[in-house]
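Notes for the one structure printed next.
Chains as they are written, first to last, in my numbering: chain A, 1 to 344; chain B, 345 to 497.
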């Protein structure tokens, strides 16, 4: 599993990165952050079973080995029609690979966690998951995000993986994506034309697809300061404790009017039960203005289940996932209420 | 096109011309001849290739050598002191935490990072820290014990 050929560009500023993105747009260009997803995708073999044996070329002199994409045989001796067809197929798949990678690790503005004078949290896109996991202020005030960071991949993935990359990939189960939706995160996206802000819940349009346009780069994510009597929680239900993708992930953010009082506001984000993270809107009707007691929370969790749109796949059936959305939402609401200073 | 990078590996600074697509693991094993770090899965699942890059445990199979330009890299070869196994390595041998040995370099580097950050980790912390390092002999119990023996001192 050798990586395909590409050239690498290392910008020092966001401006330079944006310029490179538009300059090389037609050649196929990708941003590499931690590389924990991108390099894995690039290492996947190209049309695996169909690559024929090399008949002898400048690279593999005597032949007899499986041709690689840079094998000279493709260019010199592929006169047979079936070979030509296969060559086209291989070439097409090569063209899907980027010719240029922009490694943004040297851009200082993209790193770091800070809280501004309004109390809003700002996390640079290149901040690693480990940095978020170990940040005291994140754990104290934006707990669900810290718990998302805890449950992502393994320590090695967290040491390299970044929050910008985790969100940019737009997988509906991503462990920092779901809490970011519940915590009303806002992405800053920059291009040569300027910058724009997008709420995290409006970011993904389908698995792996986003509202980002060519030439754009995520620079940071901001979370509003939590009002008083707020709590949040995230739980990833998965078959293993590490290196796993969730069956169901639920993040809850709740604000109470006063300790032990009725619910002022709530936001529930569901992961891995739809093509994109789902905001369970009907939970609001069940809880806002009401005391979060046993019965009300049970009803709210049922409402979350009805909002989910799970499918059957190898990680679990739609039926199982529906049941688990209800169960996990129930538990996470209770936990978030407790953290907000309420009693259940 | 090859690019020049300066990487300090185990205290020795190397200036190398590397192709952009080559990983840190490939360069350290093939160009520098330090074959202690192993390639297992090549996609960040197994941890056999773990090195410390600027003190952070990193899977070197998913880091481009060019991204390590200017970094200080430590591999399993850096652990022995004057040709003798260090405490942690000795403990792995004494406790029997080595079976086929393929995961050992990664396990040792991961444990080295943990013990530097937290000299007395609990068993839970040890297990959590090793959760990205696979041992296909399933010798986890002994590996945890070996680290505990050093951590308990």
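Note that CB positions come from ideal geometry on N, CA and C, so glycine has one too.
Which residues in the same chain have their Cβ closer than 8 Å to the Cβ of residue i, if we skip the five residues on either side of it in sequence?
i, result
"residue 444 of chain B", "480, 481"
"residue 100 of chain A", "6, 7, 8, 9, 20, 24, 27, 28, 29, 30"
"residue 213 of chain A", "191"
"residue 425 of chain B", "none"
"residue 124 of chain A", "109, 110, 111, 112, 113, 164, 219, 220"
Inspect the beta-carbon positions of residue i and residue j and report whether they are closer than 8 Å.
i, j, result
"residue 164 of chain A", "residue 129 of chain A", "no"
"residue 476 of chain B", "residue 154 of chain A", "yes"
"residue 250 of chain A", "residue 321 of chain A", "no"
"residue 176 of chain A", "residue 148 of chain A", "yes"
"residue 310 of chain A", "residue 318 of chain A", "yes"
"residue 404 of chain B", "residue 369 of chain B", "yes"
"residue 346 of chain B", "residue 362 of chain B", "yes"
"residue 184 of chain A", "residue 223 of chain A", "yes"
"residue 44 of chain A", "residue 407 of chain B", "no"
"residue 441 of chain B", "residue 496 of chain B", "no"
"residue 297 of chain A", "residue 339 of chain A", "no"
"residue 216 of chain A", "residue 186 of chain A", "no"
"residue 458 of chain B", "residue 473 of chain B", "yes"
"residue 388 of chain B", "residue 36 of chain A", "yes"
"residue 351 of chain B", "residue 412 of chain B", "yes"
"residue 386 of chain B", "residue 446 of chain B", "no"
"residue 138 of chain A", "residue 121 of chain A", "yes"
"residue 174 of chain A", "residue 167 of chain A", "yes"
"residue 439 of chain B", "residue 468 of chain B", "no"
For the candidate residues the options, whose alpha-carbon lies nearest to that of residue i?
i, options, result
"residue 107 of chain A", "A/214, A/141, A/31", "A/31"
"residue 102 of chain A", "A/248, A/20, A/174", "A/20"
"residue 267 of chain A", "A/245, A/203, A/230", "A/230"
"residue 234 of chain A", "A/248, A/242, A/225", "A/248"
"residue 418 of chain B", "B/386, B/390, B/365, B/379", "B/379"
"residue 97 of chain A", "B/354, B/356, B/352, B/365", "B/365"
"residue 126 of chain A", "A/109, A/294, A/191, A/283", "A/109"
"residue 279 of chain A", "A/252, A/289, A/123, A/116", "A/252"
"residue 463 of chain B", "B/493, B/486, B/434", "B/493"
"residue 162 of chain A", "A/265, A/140, A/112", "A/112"
"residue 293 of chain A", "A/143, A/342, A/269, A/246", "A/342"
"residue 238 of chain A", "A/145, A/271, A/42, A/122", "A/271"
"residue 246 of chain A", "A/135, A/295, A/323, A/152", "A/152"
"residue 375 of chain B", "B/358, B/471, B/427", "B/358"
"residue 420 of chain B", "B/432, B/412, B/410, B/409", "B/432"
"residue 377 of chain B", "B/354, B/411, B/455", "B/354"
"residue 498 of chain B", "B/439, B/414, B/490, B/429", "There is simply no residue 498 of chain B to check, as chain B begins at 345 and stops at 497 in what is shown."
"residue 42 of chain A", "A/33, A/15, A/17, A/2", "A/2"
"residue 182 of chain A", "A/236, A/145, A/243", "A/145"
"residue 452 of chain B", "B/360, B/373, B/382", "B/382"
"residue 299 of chain A", "A/260, A/312, A/284", "A/284"
Here's the rule I'm using: 16 or more other beta-carbon atoms within 10 Å means buried, otherwise exposed. How should residue i be labelled?
i, result
"residue 460 of chain B", "exposed"
"residue 488 of chain B", "buried"
"residue 332 of chain A", "buried"
"residue 197 of chain A", "exposed"
"residue 240 of chain A", "exposed"
"residue 402 of chain B", "buried"
"residue 398 of chain B", "exposed"
"residue 348 of chain B", "exposed"
"residue 466 of chain B", "exposed"
"residue 308 of chain A", "buried"
"residue 349 of chain A", "Residue 349 of chain A is absent from the model: chain A starts at 1 and stops at 344."
"residue 427 of chain B", "exposed"
"residue 118 of chain A", "exposed"
"residue 236 of chain A", "buried"
"residue 15 of chain A", "exposed"
"residue 105 of chain A", "buried"
"residue 201 of chain A", "buried"
"residue 286 of chain A", "buried"
Whose C-beta lies closer than 6 Å to the C-beta of residue i among residues of the same chain, with five residues either side of it excluded?
i, result
"residue 48 of chain A", "Note that residue 48 of chain A scores a pLDDT of 42, beneath 50, so its modelled location is shaky; the value from the coordinates is reported in the next line. Hits under 6 Å: none found."
"residue 301 of chain A", "326, 329, 330"
"residue 450 of chain B", "391, 392, 394, 477"
"residue 206 of chain A", "275"
"residue 262 of chain A", "289, 290, 291"
"residue 336 of chain A", "231, 232, 233, 252, 254"
"residue 170 of chain A", "204, 208, 210"
"residue 260 of chain A", "342, 343"
Who are the Cβ neighbours of residue i in its own chain at under 7 Å, not counting the five residues just before and after it?
i, result
"residue 258 of chain A", "229"
"residue 227 of chain A", "255"
"residue 178 of chain A", "148, 234, 249, 251, 269, 271, 277"
"residue 133 of chain A", "146, 149, 150, 158"
Write down every uninterrupted run of the alpha helix (DSSP H) in the region 374-418 of chain B whose length is 4 residues or greater and which is fully enclosed by it, in chain order. Runs found: none.
Whole runs of the beta strand (DSSP E) within the region 201-258 of chain A, excluding any shorter than 3 residues: Segments of the beta strand (DSSP E) lying fully in the region 201-258 of chain A: 204-206, 217-223, 230-237, 248-256.
Runs of 3 residues minimum, wholly inside the region 96-175 of chain A: which ones carry the beta strand (DSSP E) assignment? Unbroken beta strand (DSSP E) runs of no fewer than 3 residues, entirely contained in the region 96-175 of chain A, are found at 100-103, 113-115, 121-124, following chain order.
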